[in-house]
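S.K.:
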Amino acid sequence: MDWLDNIITTFFDFDAMLQVLPQLFAVGLVNTLVISIWATVIGIVLGMVIAIMGISPSRWLRIPARIYTDIFRGLPAILTILLIGQGFARFSQQVFGPSPYPLGILALSLIASAYMGEIFRAGIQSVDRGQLEACRALGMSYGKAMRLVVVPQGVRRVLPALVNQFIAIVKDSSLVYFLGLLVSERELFRVGQDAAVLTGNLSPLVAAGLFYLAITVPLTHLVNYFDNRFRTGRRKATPPKSGLDEVEEQNPTPMLTYGENS
Amino acid sequence: MTYTSPMPVTDGHFYAGSSLELIDLTMAYGDIDVLREVSLTVAPGTTTCIIGPSGSGKSTLLRGVNRLHEPKSGDVRLAGESVLTQKPDAVRKRIGLVFQHFNLFPDHTAEQNVALALRNVKGLSKAESMRVARERLDEVGLAERADHRPRDLSGGQQQRVAIARALAMEPEVMLFDEATSALDPELVKGVLNLMAGLAQRGMTMLVVTHEMGFARKVADQVVFMDEGRVVESGKPGDLFDRPQSPRLQRFLSEVL
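As you go down the protein sequences, you meet chains A and B in turn.
Counted from 1, the first sequence has number 1421 at position 227 by our numbering; the numbering is strictly sequential.
Counted from 1, the second sequence has number 258 at position 233 by our numbering; the numbering is strictly sequential.
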């Protein structure tokens, strides 16, 4: 069973994993979550702006939104991250200091917002037109109608897709290491990678992988669970109720004679 | 068997309906005129029912009145003033519209459905908008279901919430776009009775309907439309009992 031992020592060396565990928790996990959550929040805000522009009646808002989406959805993530991260490094240095995080997060946000913009747009456009009409008929402005009625309904429908997007960001956050990270700035992948190089053993990288899975797999299943619930509706089965009961119910004083009694 | 209205007439709520005039109203989708030079007058506090086959432009006409769809030419006058020279939102506040498919806000309770525009269009305080919403729901017989969401209400109840929502804005004119066409048959009468009650209490109403019984009993004037034109109009008795045009005779023979 030589090959089995080989596999175990290469990928599942428990001691090597245990050794890197504190760093994975204290440095890697924290930084991965920091990058991912920031990128998600900014991505949601930008994505909503792009979505609102994308469904605007004005083509001068629609066309830029379209171009933006095409570009950032069409480029490889690594290319966007390098272009932004290195291209604006000098500027970022003056504003934020030497950390590559702001630009890394920005690049991830731009990529995420292109996808999220499409998700939001699809959600908003799936809301029945009658909702907007009902608002307008009551005298509500387009902006208020969208903000108070249409957009909230659309967003609720695409929550599962948004969580999927967060999962994608968590995975893409590993690419930020291309911008060069200080020891304390390393995220999960880089922590695992460094330890793997140092020990000549892949187990720390596997451990990092397990951390990613620990974030993404429960989220995936949580989303599926909610998605199913949304799909089947949250109604419990109720015993059949005759429509005639309702007719009975609205019988106060007899008065109007639109009916048979003329 | 007695048919009753959910609205006791004794609550003393009367409406001050305004006049509504359509003058040579023409409306188009793209290059195609779907409404051609329609003129009709609805006197204050009266009810006009519009009947006609599908594709006759009835719904389009209603959408022209409150400018959900912009007229191509002609004029609409509310209380004697052209709506085309006013801001659409200002006009819509004064005109209630009830849709075939209710178009309630699904994530709002009945009360919130009614209160939303009170708060955000009329600018009432939260408490005040809730109070008015309760009152209006009470008026349509749904006070006890104020906290239900639309999906927990029957079609008839949903439509009554929609009517309450429109009434809460204190409109001068109410438009009904086939308000009972999507309802289960046993629930139609409740909504029609509610509408009849509004008519009786002074609301100006323009009602697109397939309910010929309602048109005959409640309308002061019935308008028969076909292919975007008014073919015949008059008192319900005249129209239903002595239809002049072959088109109307044909239509009535199909629906009655």
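We treat Cβ as the ideally placed atom computed from N, Cα and C, and that holds for glycine.
With a threshold of 9 Å between beta carbons, is arginine 1330 of chain A in contact with chain B?
M.R.: The residue labelled residue 1330 of chain A in the question sits at position 136 within the first sequence. Yes - at least one Cβ of chain B is within 9 Å of the one on arginine 1330 of chain A.
S.K.: Let me confirm a value: glutamate 1443 of chain A is counted as buried when at least 16 other C-beta atoms fall within 10 Å, else exposed. Which label applies?
M.R.: Stepping through the first sequence from its first residue, residue 1443 of chain A is reached at position 249. Its Cβ having fewer than 16 others within 10 Å, glutamate 1443 of chain A is exposed.
S.K.: If we count the other Cβ atoms within 10 Å of its Cβ and call it buried at 16 or more, is glutamate 279 of chain B buried or exposed?
M.R.: Here residue 279 of chain B corresponds to residue number 254 of the second sequence, with the count starting at 1. So glutamate 279 of chain B counts as exposed.
S.K.: For the segment 120-138 of chain B and the segment 183-200 of chain B, state whether three or more C-beta atom pairs, one from each stretch, are separated by less than 8 Å.
M.R.: yes
S.K.: Does the distance from the C-beta atom of glutamate 197 of chain B to that of threonine 234 of chain B stay below 9 Å?
M.R.: Within the second sequence, numbered from 1, the residue matching residue 197 of chain B stands at position 172. Within the second sequence, numbered from 1, the residue matching residue 234 of chain B stands at position 209. Against a cut-off of 9 Å, the Cβ pair of threonine 234 of chain B and glutamate 197 of chain B comes out as no contact.
S.K.: Which chain B residues are close to methionine 1340 of chain A, counting only those with a beta carbon under 8 Å from its beta carbon?
M.R.: Translated into positions along the first sequence, residue 1340 of chain A becomes position 146. The premise fails here: methionine 1340 of chain A is roughly 12 Å from chain B at the closest Cβ pair, so nothing lies under 8 Å.
S.K.: Start and end of the beta strand (DSSP E) containing serine 64 of chain B?
M.R.: Here residue 64 of chain B is taken as the residue at index 39 of the second sequence, counted from 1. Counting along the chain, serine 64 of chain B sits inside the beta strand (DSSP E) bounded by residues 57-67.
S.K.: Does the segment 267-279 of chain B come close enough to the segment 244-255 of chain B to have 3 or more Cβ pairs within less than 8 Å?
M.R.: yes
S.K.: Which residue marks the beginning of the beta strand (DSSP E) containing methionine 250 of chain B, and which one marks its end?
M.R.: In the second sequence, the residue the question calls residue 250 of chain B occupies position 225. Note, methionine 250 of chain B: beta strand (DSSP E), 246-251.
S.K.: I want to verify the contact list: residues of chain C whose CB lies under 9 Å from the CB of alanine 171 of chain B, in sequence order.
M.R.: Absent here is chain C; the protein component of the structure consists of chains A and B.
S.K.: Tell me the DSSP secondary structure of isoleucine 1249 of chain A in three-state form.
M.R.: The residue you call residue 1249 of chain A lines up with position 55 of the first sequence. Residue state, collapsed to three classes: coil.
S.K.: Thinking just about the alpha-carbon of each residue, which of A/Leu1215, A/Ile1272, A/Asn1358 and A/Arg1351 is nearest to the one in leucine 1300 of chain A?
M.R.: As a working note, residue 1300 of chain A is residue 106 in the first sequence. When each option's Cα is compared against that of leucine 1300 of chain A, the closest is A/Ile1272.
S.K.: Have a look at threonine 1274 of chain A and isoleucine 1305 of chain A and give me their C-alpha separation to the nearest angstrom.
M.R.: Sequence index remark: in the first sequence, residue 1274 of chain A carries index 80 (1-based). Sequence index remark: in the first sequence, residue 1305 of chain A carries index 111 (1-based). Going from the Cα of threonine 1274 of chain A to the Cα of isoleucine 1305 of chain A covers about 8 Å.
S.K.: Would a C-beta distance cut-off of 9 Å place phenylalanine 124 of chain B and alanine 1331 of chain A closer than the cut-off?
M.R.: What you label residue 124 of chain B is simply residue 99 of the second sequence in a count that begins at 1. What you label residue 1331 of chain A is simply residue 137 of the first sequence in a count that begins at 1. Cβ distance < 9 Å, so phenylalanine 124 of chain B and alanine 1331 of chain A count as in contact.
S.K.: Looking only at C-alpha atoms, which of B/Val255, B/Glu257, B/Gly253 and B/Ala224 sits nearest to alanine 244 of chain B?
M.R.: Looking up residue 244 of chain B in the second sequence gives position 219. Looking at the Cα atoms, B/Ala224 is the closest of the given residues.
S.K.: What separation, rounded to the nearest whole angstrom, lies between the Cα atoms of valine 1387 of chain A and leucine 1399 of chain A?
M.R.: On the first sequence, position 193 is the one that residue 1387 of chain A refers to. On the first sequence, position 205 is the one that residue 1399 of chain A refers to. First, the amino acid is wrong: residue 1387 of chain A is glutamine here, not valine. One C-alpha to the other measures close to 6 Å.
S.K.: List the residues of chain A that aspartate 209 of chain B touches, going by C-beta distances under 9 Å, in chain order.
M.R.: The residue you call residue 209 of chain B lines up with position 184 of the second sequence. Going along chain A in sequence order, the residues near aspartate 209 of chain B (Cβ under 9 Å) are Gly1437.
S.K.: When you compare the CB of serine 1335 of chain A with every CB in chain B, is at least one pair closer than 9 Å?
M.R.: Numbered from 1 along the first sequence, position 141 holds the residue referred to as residue 1335 of chain A. Serine 1335 of chain A counts as touching chain B.
S.K.: Between leucine 60 of chain B and threonine 85 of chain B, which are expected to be in contact by the criterion C-beta below 8 Å, what is the C-beta distance as a whole number of angstroms?
M.R.: Residue 60 of chain B sits at position 35 when you count from the first residue of the second sequence. Residue 85 of chain B sits at position 60 when you count from the first residue of the second sequence. Indeed they touch by this definition, with Cβ atoms about 5 Å apart.
S.K.: Would you give the residue range spanned by the alpha helix (DSSP H) that alanine 283 of chain B belongs to?
M.R.: Nothing can be reported for residue 283 of chain B: it is not among the residues displayed for chain B, which extend from 26 to 281.
S.K.: Can you pull the DSSP bridge partners for aspartate 1199 of chain A?
M.R.: Taking the first sequence and counting its residues from 1, one reaches residue 1199 of chain A at position 5. Answer by DSSP bridge pairing: none, since aspartate 1199 of chain A is not bridged.
S.K.: Mind checking which residues open and close the alpha helix (DSSP H) that includes methionine 1211 of chain A?
M.R.: Within the first sequence, residue 1211 of chain A is the residue found at index 17, counting from 1. First-last of the alpha helix (DSSP H) with methionine 1211 of chain A: 1208-1217.
S.K.: Mapping DSSP to helix, strand and coil, what is serine 154 of chain B?
M.R.: For the purposes of this step, residue 154 of chain B is taken as residue 129 along the second sequence, with counting starting at 1. Residue state, collapsed to three classes: helix.
S.K.: Can you list, in chain order, the residues of its chain whose CB lies under 7 Å from that of leucine 212 of chain B, leaving out five sequence neighbours each side?
M.R.: Mapped onto the second sequence, residue 212 of chain B falls at position 187. Result list for leucine 212 of chain B: Ser179, Gly180 and Gly181, in chain order.
S.K.: Return no unless some Cβ of chain B is closer than 9 Å to the Cβ of valine 1343 of chain A.
M.R.: Taking the first residue of the first sequence as 1, we reach residue 1343 of chain A at position 149. At least one chain B Cβ lies under 9 Å of valine 1343 of chain A.
S.K.: Straight-line CA distance for glycine 1281 of chain A to aspartate 1366 of chain A?
M.R.: In the first sequence, counting from the first residue as 1, residue 1281 of chain A sits at position 87. In the first sequence, counting from the first residue as 1, residue 1366 of chain A sits at position 172. Using only the alpha carbons, I get a separation of about 19 Å.
S.K.: Below 8 Å on the Cβ atoms is my guess for arginine 1256 of chain A versus methionine 1242 of chain A; work out the distance and round it to an integer in Å.
M.R.: In the first sequence, residue 1256 of chain A corresponds to position 62, counting from 1. In the first sequence, residue 1242 of chain A corresponds to position 48, counting from 1. Going by Cβ atoms, the distance from arginine 1256 of chain A to methionine 1242 of chain A rounds to 15 Å, so no, they are not a contact pair.
S.K.: So, at 6 Å on beta carbons, what are the nonlocal neighbours of phenylalanine 1285 of chain A in its own chain, with the 5 sequence-adjacent residues on each side left out?
M.R.: Sequence index remark: in the first sequence, residue 1285 of chain A carries index 91 (1-based). Contacts found: none.
S.K.: Less than 6 Å between C-beta atoms, sequence neighbours within five positions excluded: which residues of the same chain meet that for glycine 1194 of chain A?
M.R.: Residue coverage of chain A in this structure runs from 1195 to 1456, which leaves residue 1194 of chain A outside it and unanswerable.
S.K.: Based on DSSP bridge pairs, tell me the residues matched to glutamate 106 of chain B.
M.R.: Reading the second sequence from its first residue, position 81 is the one you call residue 106 of chain B. Glutamate 106 of chain B is bridged to B/Leu103.
S.K.: Aspartate 132 of chain B and arginine 174 of chain B: beta carbons closer than 9 Å?
M.R.: As a working note, residue 132 of chain B is residue 107 in the second sequence. As a working note, residue 174 of chain B is residue 149 in the second sequence. In contact: aspartate 132 of chain B and arginine 174 of chain B (Cβ atoms closer than 9 Å).
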